[in-house]
Structures are given as C-alpha cells and as structure tokens.
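Here's the structure, in structure tokens; my notes come after.
Numbering (my numbering), first residue to last: 21 to 343.
Structure follows, in structure tokens:
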C-alpha cells in the first residue's frame, strides 16, 4: 500500500515501525533474519523504517553493531522506503555529533536524537536548547529527528521547544510519546509549514492524532500487527469505514498492556508464531515470557487474524498465522 504524498525532503506519511534486532541463540546479531524482518515490514506496507532504536535493543548493541545493523537495513531496503536510526548515545555534544555523522554515512535519511541524552533529568529546557543548537551546528546539514525515549528517562519536547528548533530546517521526524492528545495537536500545529512529521507511538491515541494532522504512527505494536496499523493510517478519515476504524482502534486499546509485557521478547514470539524464523533471544532483561503470556498472545493473534479477515486485509504471512 503506497504512502501518502509528503513535502520534498520530509519522510512519507504512514507507518514507520520501530524495528527489532534478531539475534542468534549465541547472542550474535542474526543478519539473515534481520534482512527477512526488513522485508516483512515493507511487505506489510511500512512507509519507512526506524532502525537502531529502543525496540532494537540499541543500548545492548556495541557501537560497531549499531552501525552494521543500520547499514544492513539501509542496504536491504534498496531505496524502497527511507530509513532513520538513532545516532546519540550520551557523552559530550561533540562526541554525539561525531556518531551522528557515522550513522548518517550508512545511508539513512535522518538521524534520531534521544532527547534524554542531551540534558539530564534535573537540567532545564534552556540547557537542552543550548545543547541542541550546538549539536545542530556540529552536524552539517544532516536531517534530524527526536525520540522521547523512556530510557534513561523520558524527556518530553513540548511545542515551545519545537517552535524554537523547527526554524533551523533540520528536524523532519518526531516519535511522540507524550500520551496527551491536546499537546500532540499543539506540536503538530507548530510544525505546520515545515518538512516535519509527528509520528505517534501511543496507539490509544492513534486515530485522534492522525485526525489532528500527525504524519503517521511509530509504535511497538507494528512488530506484531503491522497490517492493521497500515490499514488504520490509510483509513482513519474514510467516512465509509468509521465503524471499522473504531474496531481497529479499540483492538489496540485492549491489547496495550499485553504487548508491552516482556517486550521485545513477546514481539519476537509473535513473529515466530506468524512464520518468521526469529529467535526469542533478547539481550535486554525484560522479564520472563511465561506460558500464560504466550497463551494470551496466541489468543490475541487469533483475534487480529479474524479482524484482518473481516476487514479484507491481506496478511503478510498468509496461511502461517497461529492455528
């Protein structure tokens, strides 16, 4: 499914998944399965890909692995969809700027800044802005994005901060985690007229954010049910399908707690059940994927499969969903 048109230089509208990193049982990155996973997202209708993010276990990857994983994803897409990737991992701003350049050299369209690694939790927005201006000055004309990552802590970038930084012309992506419909609308409003897109990570507010003008969605549920998210992003404003839109939105509200439990192991489990040869190996300590959680996810996948059938959505793994 093609994405909606966007201004030149911006990312396409639609679904930009936060990618997993497959590992071998030895703990090494599984490059072969990562290539297949990349194809899975694209075949499901993703408008772009966010590699080397928290879902990718970026903090558990070495610096070389971060570069290698990002480069593999860029090469596998072969220009079919744009890729963005995280490029800041703490330290002095000059050091973060250097790694931004290294990640950008892999061929990504934009490099993502983790907001909580620019200023500490007890530092002011003024400090954050000062350091962001320094980072922008040190990174040539590289397009940037923000991710309000919850690790090491969640630093929200409100509409006032965006209003100061957007005139630099450097910000094109924002993975929003504020969970606040009114604030999302304010951020979208200040971004109007710029090559800037807000992609909401909070599926409870997916439809309201899209109706407010969000460019799309960047959520963890895309690692289990990307077809439904692609459909929602394409149909949220379809007057003839509003009952179906409400059903899909409610599905994502209902499964919010489950998909966040033992994540990303539970997402790898779901993909494995759906037909992707991915190991459950996870470097992060996210708790046990218990038999009870597996049974709950099995039932949820059956529900999603039935919903897709009723809506006429073709599954990427047709015939391979859980029996």
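The beta-carbon is built from N, C-alpha and C at its ideal position, and this holds for glycine as well.
Item                                                                                                                         : Value
Buried versus exposed call for residue 10 [16 or more other C-beta atoms within 10 Å across all chains shown]                : Residue 10 lies beyond the stretch modelled for the chain, which goes from 21 to 343, so this question has no answer here.
Proximity below 8 Å, CB of residue 168 to CB of residue 336                                                                  : no
Assumed close pair residue 182, residue 227 - CB separation to whole angstroms, cut-off 8 Å                                  : Not a contact, Cβ separation roughly 22 Å.
C-alpha distance - residue 162 paired with residue 131, whole-angstrom precision                                             : 7 Å
Whole-angstrom distance between residue 164 and residue 193, CA atom to CA atom                                              : 7 Å
Residue environment, residue 244, which counts as buried when at least 16 other CB atoms sit within 10 Å                     : buried
Straight-line Cα distance separating residue 150 from residue 75                                                             : 29 Å
Residue 239 versus residue 157: straight-line alpha-carbon distance, rounded                                                 : 30 Å
Cα-Cα separation between residue 287 and residue 320, rounded to whole angstroms                                             : 12 Å
Contact under 8 Å by Cβ, residue 313 with residue 290                                                                        : no
Range covered by the alpha helix (DSSP H) that runs through residue 248                                                      : 246 to 255
Alpha helix (DSSP H) segment containing residue 123, residue limits                                                          : 113 to 124
Neighbourhood of residue 172 by C-beta distance below 6 Å, restricted to the same chain and skipping five residues each side : 136
Cβ shell of residue 90 (< 8 Å), same chain only, five flanking positions each side left out                                  : 71, 72, 103, 105, 123, 126 and 128
Residues of its chain near residue 176, where Cβ-Cβ distance is below 6 Å and the 5 sequence neighbours each way are ignored : 168 and 198
DSSP three-state assignment for residue 267, whether helix, strand or coil                                                   : helix
Cβ neighbour criterion (16 or more within 10 Å) applied to residue 27                                                        : Any reading at residue 27 must be qualified, since the residue scores a pLDDT of 49, below 50, and its modelled position is unreliable; the value itself is stated next. Result: exposed.
Cβ contact (3+ pairs, closer than 8 Å) linking the segment 90 to 100 and the segment 108 to 121                              : no
Contact belief for residue 39 with residue 69 at Cβ below 8 Å, rounded distance in angstroms                                 : 6 Å
Distance between residue 253 and residue 263 (C-alpha atoms, nearest Å)                                                      : 15 Å
Bounding residues of the beta strand (DSSP E) (the contiguous stretch that carries residue 174)                              : Counting along the chain, residue 174 falls outside any beta strand (DSSP E), and DSSP gives it neither H nor E.
Reference residue 36; option with closest CA among 298, 255, 266 and 221                                                     : 221
Same chain, Cβ closer than 7 Å to residue 251, five either side skipped, listed in chain order                               : 268, 331 and 333
Minimum C-alpha distance to residue 188 - residue among 154, 121, 49 and 107                                                 : 154
Start-to-end residues for the alpha helix (DSSP H) that takes in residue 324                                                 : 311 to 331
Range of the contiguous beta strand (DSSP E) that encloses residue 240                                                       : Where residue 240 is concerned, there is no enclosing beta strand (DSSP E), given that its DSSP letter is neither H nor E.
Reduced DSSP category for residue 62 - H, G, I as helix; E, B as strand; rest coil                                           : helix
Coil, strand or helix - residue 298 by DSSP                                                                                  : coil
Option nearest residue 275 by Cα separation, candidates 143, 101, 214 and 322                                                : 322
Residues of its chain near residue 25, where Cβ-Cβ distance is below 6 Å and the 5 sequence neighbours each way are ignored  : Here the model assigns residue 25 a pLDDT of 42, short of 50, so the residue's position is not dependable, and the following value carries that caveat. Within the same chain, residue 25 has no close Cβ partners at all.
Coil, strand or helix - residue 216 by DSSP                                                                                  : coil
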